[in-house]
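Written out below as structure tokens is the structure these notes cover.
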DNA sequence: GTGGTCTAGACCACC
DNA sequence: GTGGTCTAGACCACA
């Protein structure tokens, strides 16, 4: 996995985990990879993964069973959806429209890209 | 001007200048405020403004006439548009569509918000 | 290390680092001294070293691993050679020949000095 | 005329004038262009040209007749040659050989370029 | 430990 | 007046 510059790696890892939960690959109560395994997998310092997991734990998206590892919270999916939807509608979308106005982008152009995107998937 | 946390002030100043160029307030070959004036105006350290201007100069959006100040490049507007449009279509938009898919957001919902947004303006 | 006047210290530090890479003392993927260590070593302000490293990073001669430090780029040596050779053949050498023609210097004179130089080494 | 970055414009203008004297285009006791004309010609602030002329005057390469303008000194050509030759042999040439050694440039390469250069002229 | 950013203030060369 | 560089020192996030 490659990381974006300008954004903390631990945040990107947390988002990565959230994506898995959102997509349904990791379900409620399911064990997620150990800090160590994840660190090896992502080629990152274990401390950094630990920080991601702590972050997700604070958001009540995952929880810890001592000695066993981290697990998706019963309502983890809902929590993620809640956080991300709020951020989407209150931050991302307004920013997007502001940028569209500033760059004088035609909605038509976006529509084309959107179709392209949909078809590609 | 107030600055967002989480993003370097010098980047925000650079964006601020770009916005002025985009909006047509500062045209090609026009002098932009001196480092010192801008610093006083934005209540930041001159060094910070200097970093912004260096950044914009590297992007060929502004250029320097020695002893006279910084000026909008002849094709400054195009350069800004180019950079921002590329980022919009290659990064922001794909991220948006990925997020929409992941959060299972109905386009209808966005349409509603969009109308809201348009009406508010 | 002593610095020439008339040339920015941060440029001289960057050249200094380049020289180390050129000479093979610092190889690809090898960590170079931290900003702080270098600053103490050269008796300059850490900010000044930071500027040098940013400059070298822009030239893709070194790169940063977040939290770990700066490292010589895989093709750092090639990048340095490339930049310096280009400058040598496209700027320095033409200037030299122009100067030779203008000053009506006999190549014999240079040959003599050159032998001198060779012998000195 | 275009100016190199990193070098003061007034120095470059002084060199420009020296080149004319060296090449024989401007001979001893001959009037050189007025500050004003030169400024218009080079698209530079007259103050900057003035500074160049003062610089050359300090080196006794040109002199001033009040109300008439600046003139090439009787021994102007010799003065220029003296300064430039010293700089050439004591600074430029040693630097060049150091660079050649560092970049491991074969003298053969230079020879080739040199022939090229000679032929071009 | 690492870099990244920022402030405060200074000095300088140049235009 | 303009930018360009540098010092001194601070605080912070990140690994």
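Chains as they are written, first to last, in my numbering: chain A, 2 to 122; chain B, 2 to 122; chain C, 2 to 122; chain D, 2 to 122.
Each residue gets a CB set at the ideal place from its N, CA and C atoms; glycine is no exception.
Across the structure, residue 82 (chain D) and residue 104 (chain C) are spaced so that their CA atoms are roughly 6 Å apart.
Of all C-beta pairs linking the segment 52–62 of chain D to the segment 71–86 of chain D, three or more are shorter than 8 Å, placing the two stretches in contact.
Residues 47 and 50 of the same chain have their beta carbon placed closer than 6 Å to that of residue 40 (chain C), with the five preceding and five following residues left out of the count.
Under the three-state reduction of DSSP, residue 111 (chain B) is assigned to helix. Within the same chain, Cβ atoms closer than 6 Å to the Cβ of residue 21 (chain B) are found at 27, the five residues on either side in sequence being excluded. The C-alpha of residue 7 (chain C) is placed about 57 Å away from the C-alpha of residue 115 (chain B).
In the structure shown, residue 98 (chain B) falls within a helical segment according to DSSP collapsed to helix, strand and coil. Sequence-distant partners of residue 30 (chain A) (beyond 5 residues in either direction) whose C-beta falls short of 7 Å from its own C-beta, in its chain, are 72, 73 and 75. For the segment 18–40 of chain D, the residues whose beta carbon sits under 8 Å from a beta carbon of chain C are, in order, 20, 23 and 24. Selection B:111, B:13 and B:25 evaluated against residue 86 (chain A) yields B:111 as nearest (Cα-Cα). According to DSSP, residue 62 (chain D) shares a beta bridge with no other residue. Secondary structure of residue 89 (chain C) (DSSP, three-state): helix. Pairing residue 70 (chain A) with residue 32 (chain C), the inter-Cα distance amounts to about 35 Å. Rounded to the nearest whole angstrom, the CA to CA distance from residue 95 (chain D) to residue 14 (chain A) is 54 Å. Under a criterion of Cβ atoms nearer than 7 Å, the residues of chain D adjacent to residue 103 (chain C) are, in order, 20, 23 and 24. At a cut-off of 8 Å between beta carbons, residue 12 (chain D) makes no contact with chain B.
Sixteen is the threshold: since fewer than 16 other Cβ atoms of the shown chains lie within 10 Å of the Cβ of residue 24 (chain A), the residue is exposed. Contact annotation, residue 37 (chain A) with residue 11 (chain A): C-beta distance approximately 16 Å; criterion of less than 8 Å not satisfied. Check the Cα spacing between residue 106 (chain B) and each of A:109, A:113, A:89 and A:68: the tightest is with A:89.
Excluding five sequence positions before and after residue 5 (chain C), the CB atoms of its chain that fall closer than 7 Å to its own CB belong to 13, given in chain order. The criterion of a C-beta distance shorter than 8 Å is not satisfied by residue 93 (chain A) and residue 43 (chain B).
Distances from the alpha-carbon of residue 3 (chain A) to those of C:99, C:101 and C:66 put C:66 closest.
Taking 8 Å as the CB threshold, residue 52 (chain B) stays off the interface with chain D. Its chain contains 81 as the residues whose beta carbon lies nearer than 6 Å to that of residue 19 (chain A), once the 5 sequence neighbours on both sides are disregarded; these appear in chain order.
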